[in-house]
Structures are given as C-alpha cells and as structure tokens.
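Reminder that position 76 of the sequence shown reads as 72 in the working numbering, one-by-one numbering, no gaps. C-beta: ideal position from N, C-alpha, C; glycine also. Only a predicted model underlies this, so the values are computations on that prediction, with no experimental measurement involved. Below is one structure; the comments refer to it alone.
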Amino acid sequence: VETLKRSLGDFARYVPAQVVRRLVTGELTADMGGERCEISVLFTDIAGFTTISEDMEPDQLLHEMSEYFATASQVLLEHGATIDKFIGDAIMAFWNAPARQNNHQELACRAALAVAAAIAGLNERRVAAGRPPFHTRFGLHSGEAVVGNVGSPERVSYTTIGATVNIAARLESMNKLFGTRMLLSETALR
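Okay, here's the thing in structure tokens:
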C-alpha cells in the first residue's frame, strides 16, 4: 500500500494530479482522444533566455530553472491551472479541464498577474544575489479547443490542441514585437 501511494504521488508529479485522480477512479482512460470545450490557455517565456543560459553551467541552469518553475507553478496551481508542460524556459498551462471551472477566464487572468508578481519577487532576490533576472512574458487566450490524450500507443500526453492554443502562444511571442510583458486576447477578459 505504501509503495502504491508513493508511486501515485510520483506519477502525479509527471502528470497533472487531477488527471491521475480521474485515471485511478476510472473517469478518464489513457485511450487516444479528447473532448471539445472552452478553455483558457497561458504561455510564458523568459526574455533573453538563450543569452542567460549560455553564461551558466548546465547544472546551475537546471537549479535556477527549477527555482523559477517552482515559483510559477505554485501560483498557477493555487489559481486552479492544469500545468500542461515545461518547454525549455516556457510554461504552458490551461483552465477548465479536466475539471470544469465556470470562471476559468478570471482564474487565468488572476493567475497571470500573480505569477508576474511572484517572479518579480524572485527577480529581486536573484539580482540581490548577483544573478540575472528572469523577465517573463505572458500570452493568454480563451476559446474552444480539444483537451485529452494525444500521442502514440506507447506514449500519451494529456494536453490541449487547436487554434486557441496557437493564439495564446503567438500572443506570448508578440510581446517581443510590442515591447510588452503580457498580452491577453479579448476573449480572455470575458
């Protein structure tokens, strides 16, 4: 029983805990497919990360990124996010799946602001310690997407796909063009 508990706890660190719970109870399966639903999607990215990472040893970079991801993840989870993945220095998270959240746009907007504040606090500590700040950019969009299991028979990922996801990613990257830190679509503000 203890091994099973530990294994489920470890598994929930790789896959969103809500998904693990639903897999264990039989509400979800690992079969390919998903469902269409309205979601809010957030992408983050660190400005100038390539330059920052080139000046660090890989083990130091791993430690510093873990600190960064821990700071952002805690806030995202407190605001009801499903953290989809870490992509290099980026985070992809979404709301309203697997559990429904009637106020997913509000949760996502509040989360983006709270993560920005938490990262600002982290950056103050980083600069005081002589380390470069992690200036984070955000893109947030709400709309319809498919959420579910994507992959192959050997490896499945619980994720979301569709134009809504692509727009959120593009909003994040447009921050560089506009010299901004956070871009949200009109639908994210409803």
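Under the three-state reduction of DSSP output, T47 falls in the helix class. The alpha-carbon of T(-1) is positioned some 29 Å away from that of A93. Bridge partners of S138 according to DSSP: S36. Three or more Cβ pairs closer than 8 Å define a contact, and the segment 163 to 173 meets that threshold against the segment 133 to 144. For I83, the closest of C33, L38, V142 and S138 by C-alpha to C-alpha distance is L38. In this model, T21 and I48 are separated by some 44 Å (Cα to Cα). Under the three-pair Cβ rule at 8 Å, the segment 114 to 127 does not count as touching the segment 9 to 28. Pairing A68 with I87 gives a Cβ-Cβ distance under 8 Å. When the beta-carbon positions are compared, N171 and L180 stay at least 8 Å from each other.
Three or more Cβ pairs closer than 8 Å define a contact, and the segment 144 to 164 meets that threshold against the segment 22 to 32. Look at E150 here: in three-state DSSP terms it is coil, with no helix or strand label. Cβ-Cβ distances below 7 Å link I157 to A141, V142 and V146 in the same chain, with the five nearest sequence neighbours on each side left out; the list follows chain order.
Beyond the five residues adjoining it in sequence on each side, S36 comes within less than 7 Å, by CB distance, of F90, W91, N92, H100, Q101, A104, L136, S138 and A184 in the same chain, given in chain order. Take the alpha-carbon of L173 and the one of A66: they are about 28 Å apart. Spatial neighbours of A110 in its own chain (CB-CB distance under 8 Å, excluding positions within 5 residues in sequence) are listed in chain order as V71, E74 and H75.
Taken atom to atom, the span from the alpha-carbon of A114 to that of D51 is near 24 Å. For F174, the enclosing alpha helix (DSSP H) covers residues A159 to F174. For the set A77, D85 and T78, the Cα lying nearest the Cα of L58 is the one of D85. Here M28 is exposed: its Cβ has fewer than 16 other Cβ atoms, across all protein chains shown, within 10 Å.
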